[in-house]
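Step one of this worksheet: look at the structure below.
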Amino acid sequence: MPTYDYKCKDCGHHFEAFHSMSADPLTDCPECEGQVERQIGMGAGVLFKGSGFYETDYRSSGYKKDKASDKPAKSAPKKDEKSASKKDAKKAQ
86 MPTYDYKCKD CGHHFEAFHS MSADPLTDCP ECEGQVERQI GMGAGVLFKG
136 SGFYETDYRS SGYKKDKASD KPAKSAPKKD EKSASKKDAK KAQ
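All letters in the sequence shown, in the order written, are residues 86 to 178 by this note's numbering.
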């Protein structure tokens, strides 16, 4: 159920009311019992409930790039190692 903002036309009192979307809007001010109008609200914020929402889940691309540069670079295999691995692959067939 949403929260609605109201403002009294007579005394200017601002207040919030929590009721369903299908309910009729409020008409009376709780302070002076004057006429109220429903205000356009900002909406609700995002609520994360449950486990699994961590800062590390949404790292920036800069962080990922820096992390990748910290890893030691893999050295390219030498020509002898390449030909040996190809020979091993052919033998396995």
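The beta carbon of each residue, even a glycine, is placed where N, CA and C say it ideally should be.
- For A102, the three-state secondary structure derived from DSSP is strand.
- One Cα belongs to Q120, the other to K134, and the distance between them is close to 38 Å.
- Closest in alpha carbon position to C93, among P87, P115, D109, V131, is P115.
- Between Y91 and H99, the C-beta spacing is below 9 Å.
- In its own chain, leaving out the 5 sequence neighbours on each side, no residue places its CB closer than 8 Å to the CB of K150.
- In this structure, P87 is the residue among P87, C117, E118, Q124 with its C-alpha nearest to the C-alpha of A108.
- Looking from the CA of T112, the closest CA among H104, M106, R123 belongs to R123.
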